[in-house]
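*Asks:* Our numbering numbers the first residue of the sequence shown as 657 and each following residue consecutively.
The C-beta atom is built at its ideal place from N, Cα and C for all residues, glycine as well.
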Amino acid sequence: MMKLKFRVTLAASIALVVALGLIGLPPAIDGAKILGIFPTSARSHYIVGSALMKELARRGHEVTVINPFPQKKPLANYRDIDVSLDEDIMKNFMPNMLDMADHSVIESITKTYEFGHLITNQTLQHPNVRRLLNSNEKFDLVIMEAFLNDAHLGFAHHFKAPCLAVSTFGASRWTNEMVGTPSPISYIPHPFLRFTDRMSFVERIGNALMTVADMIAGAVLDIPVQSAMYEQAFPDPKPPLEHLRKHSVSLVLLNNHFSLSYPRPYVPNMIEVGGMHVNRKPKALPDDIKAILDGAQHGVIYFSLGSNLQSRQLPIEKREAILRVFASLKQTVLWKWEDETLPNKPDNVIVKAWWPQDDILGHPNVRLFITHGGLLSTTESMYHGVPVIGIPVFGDQYLNMGKAERTGYGLLLPYKEISEERLATTINKILSDSSYRTVAQSISARYRDQPQNPLDLAVFWVEYVIRHKGAVHLKSAGQELGCLQYHGIDVFATIIGVPVLFVYLLSKLLCGKRTKQSGAGKGPAAGGSKKRN
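#1: Between the Cα of R1023 and the Cα atoms of L900, S764 and D950, which residue gives the shortest distance?
#2: Is L1137 helix, strand or coil when you go by DSSP?
#3: Can at least three beta-carbon pairs, one atom from the region 895 to 915 and one from the region 819 to 836, be found at a separation below 8 Å?
#4: On the three-pair Cβ rule with 8 Å, is the region 692 to 701 touching the region 957 to 964?
#5: Got a sec? Which residues, its chain only, sit under 7 Å from K659 by beta carbon, not counting five neighbours each side?
#6: Rounded to the nearest angstrom, what separates H717 and A812 at their Cα positions?
#7: Looking at the structure shown, is Y918 part of a helix, part of a strand, or coil, going by DSSP?
#8: Give every residue of the same chain whose Cβ lies closer than 7 Å to the Cβ of G687, excluding the five residues on either side of it in the sequence, and list them in chain order.
#9: Who are M926's beta bridge partners in DSSP?
#10: In the DSSP assignment, find the unbroken alpha helix (DSSP H) run with F857 in it and report its ends.
#11: Considering only the alpha carbon of each residue, which of A1096, T1082 and Y1039 lies closest to T1063?
#12: Would you kindly work out how many angstroms separate the C-alpha atoms of L678 and F1116, rounded to a whole number?
#13: From N1004, W993 and L970, pick the residue whose C-alpha is nearest to that of V981; which is it?
#14: According to DSSP, is M800 helix, strand or coil?
#15: Please determine if the region 1073 to 1081 and the region 874 to 885 are in contact, where contact requires at least 3 C-beta pairs separated by less than 8 Å.
#16: Buried or exposed: which applies to P724, given that a residue is buried once 16 or more other Cβ atoms fall within 10 Å of its Cβ?
#17: Could you give the distance in angstroms between the alpha-carbon of L1032 and the alpha-carbon of A1060?
#18: Kindly indicate which residue of V881, L1165 and L849 has the alpha-carbon position closest to the one of I762.
#19: Enumerate in chain order the residues of its own chain whose CB-to-CB distance from V1007 is below 7 Å, with the five nearest sequence positions on each side excluded.
#20: Identify, in the order they occur along the chain, each residue of the same chain with its Cβ nearer than 7 Å to the Cβ of P924, setting aside the five sequence neighbours on each side.
#21: On the CB-based measure, 16 or more other CB atoms within 10 Å of its CB, does L1055 come out buried or exposed?
#22: Would you kindly check if the distance between the Cβ of I693 and the Cβ of H808 is under 8 Å?
#23: Rounded to a whole number of angstroms, what is the C-alpha to C-alpha distance between R860 and A1101?
#24: Is the CB-CB distance between Y886 and G772 below 8 Å?
#25: Please decide whether A732 counts as near chain D, where near means a Cβ-Cβ distance under 8 Å.
#26: Just the C-alpha distance for P896 and N935, rounded to the nearest angstrom, thanks.
#27: Which runs of the beta strand (DSSP E) fall wholly inside the region 689 to 760 and span at least 3 residues, in chain order?
#28: What did DSSP end up calling K1131 once you bin it into helix, strand or coil?
#29: Which residue from N733, I737 and A732 puts its Cα closest to that of P726?
#30: Please report how far the alpha carbon of T1171 lies from the alpha carbon of V1154, in whole angstroms.
#31: Which residue spans inside the region 758 to 824 form an unbroken alpha helix (DSSP H) run of at least 4?
#32: Just how far apart, CA to CA, sit E1073 and L789?
#33: Would the beta-carbon of L741 fall within 8 Å of that of A827?
#34: On the CB-based measure, 16 or more other CB atoms within 10 Å of its CB, does C1139 come out buried or exposed?
#35: Using only alpha-carbon positions, find the residue among G1066, S1075 and S1098 that is nearest to K603.
#36: State the DSSP-derived secondary structure class of S1091, mapped to helix, strand or coil.
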C-alpha cells in the first residue's frame, strides 16, 4: 500500500513539474511560411543567413530563400530561389579585391555602395525573383540581410508581412536607422576605422568626420539609387522607400556579441546573436585533414584570406615573401589557396581551395590563425580560443583587428606592409608569447558563457515576431523623430537660443533708450545756441 502511495505521489510530482515547465515555455506556433533574402555573392554573408534559415526549416517552418548558393542536396521544408550572378559581372566589377587595400576610406565606402547597388538590382531583376513577385504566394515573415539593399524592404510590403533584418557584421549606420538604435560617436568607432572604444581627442574628431561623411554619402550616393530600384521593381500602390526604412523593420539580428566587440547601447528590437553559424559540436574532419592535424608535431598554422579575397591574386613578391617565412617555420601550414598548384611550395605547407575552417580551428593542435580579419573568421577564432594575425584589406576588417590587437589576442599586419621580415617577426611574436593564447582562451570562455545558444536565441526572436504580428510594441519612439528632434538639437537650441535672444533684445532696447536720452539731452542745448530772429 505504501509503495502504491509513493508511486502515485511520484507520478503526480512529475506531472506537476512538467506542467510548470510547459507553462514557462512560449506558446508554440504552427509552421510559418518564411521568405529569406540573402543575395550577396560573398559566401561569408550567406553562411550566417543560411544557418538561421536551415534551423527554421528543421523546426518545421516552410522556408524559401533567395540566394546565389543553392543547396546541392534538397532539404526538407527548404526551397532555393537561385540568383547566382554571372562570374563575368563580378570580375568586371572588381577583378582583384586585394586592390581595395590601396583605396582611401572614402573610396572604400563608395565602392561598397556600388557593390550593394549591383547585388540589389541584379536580385530584383532576376527572372526567378520576378516570377516570385508575380505569383500569388503568401508569407508570414520576410527575413532579409541588411547590407546596402534597402530596396529589398519592398518584399515585406509586397507580401504584406512583417520584416526582420539580419546584419552579417554587426551594427552599422543603415541597421541603426532601421530601428532607431543610438550610436554615440564619442565611444563607438565607425566600422571602417581601426579605432577602439577608447579614442583620443584627435581620433574622436576623425570618427565624427567619418560618420558625417558616411551619412552624407548615404544620402547622396545610396538612398536615391535604392529608391529608384524600389520604384522600378515593385508595383503601385506603395509607400515611399524612406517610410519603409523607418517603419517596416520589426527587429534586427546582429552577428555580434559584446564579448567579441565593444559594449554599446541597443534598443529592445536589436539583438546580438553573434556566432550563430559556429558549429557547437564540431563535425568529424575528413580523414586526410585529421591525419595532418593529429600528426603535426609542432602544431598547425591555418592561413586563409576568406571567401572574397583570393590568395592566388597576391602579388608575386608578397607571395614569395610569405612562402620564405613559412619555409623557415617548424609548424605545418594549411593554406587556403585557390589554384591547383603553388609554385615554390615548401614541404611543410599544404594547400587546398577549401578547408573546413570552423572545424579546423576547433582542433587543439592549431596554434595560430592568419586571417583577413572578417567578422565570421574572427568570431570562429575567438569561439575556439585561437590567437590571430590579421591582414585587413577593407571594410570592418580594420575595426576587428584593431580590437584584437588592443585586447591582446592578436596582431594587425597591414596588407601594404607585408614583407618577409615583418611577417616572420609577427608570427614569432605570437608563437613565442603565450599571453596571446591565454587571452584568446579567456575570451572564448566569456563568449561561451551564455544562457542560450545564439542560434536558439535567433529562432526565438524570429518566432516572437511572428507570434506578435510584427511586435510593434518593441519599436522605439525615436523612429518617429526627425534628426534634430532625435538628438535634442531643437531643445538645446531653444534652451540656449531663447536666453541669448532675450539678452540681445534687452541690450538693443537699453541701447535704444540711452540713444534717445542722449539725443534729448543734447536737443535744448543745441537749440539755445541758435539766435532768434
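*Replies:* Concretely, from the data shown:
#1: D950
#2: coil
#3: yes
#4: yes
#5: The pLDDT assigned to K659 is 46, lower than 50, so where the model puts this residue is not dependable, and the model offers no usable value.
#6: 18 Å
#7: coil
#8: G716, H717 and E718
#9: V908
#10: F857 to A873
#11: A1096
#12: Below a pLDDT of 50, predicted positions are generally treated as unreliable, and L678, at 41, falls in that range; no measurement from the model is reported.
#13: N1004
#14: strand
#15: No, they do not touch.
#16: P724 should be labelled buried.
#17: 14 Å
#18: L849
#19: W991, W993, L998 and K1001
#20: L1130
#21: Buried, because 16 or more other Cβ atoms sit within 10 Å of the Cβ of L1055.
#22: yes
#23: 32 Å
#24: no
#25: This model lacks chain D altogether; it includes just one protein chain.
#26: 41 Å
#27: 689 to 693, 718 to 723 and 734 to 738
#28: Note: K1131 maps to coil in three-state DSSP.
#29: Ranking N733, I737 and A732 by Cα distance to P726 puts I737 first.
#30: 25 Å
#31: 761 to 781, 783 to 789 and 810 to 814
#32: 49 Å
#33: No; because the gap between Cβ atoms is not below 8 Å, this pair is not in contact.
#34: exposed
#35: The question about residue 603 has no answer here: the residues shown for the chain are numbered 657 through 1189.
#36: helix
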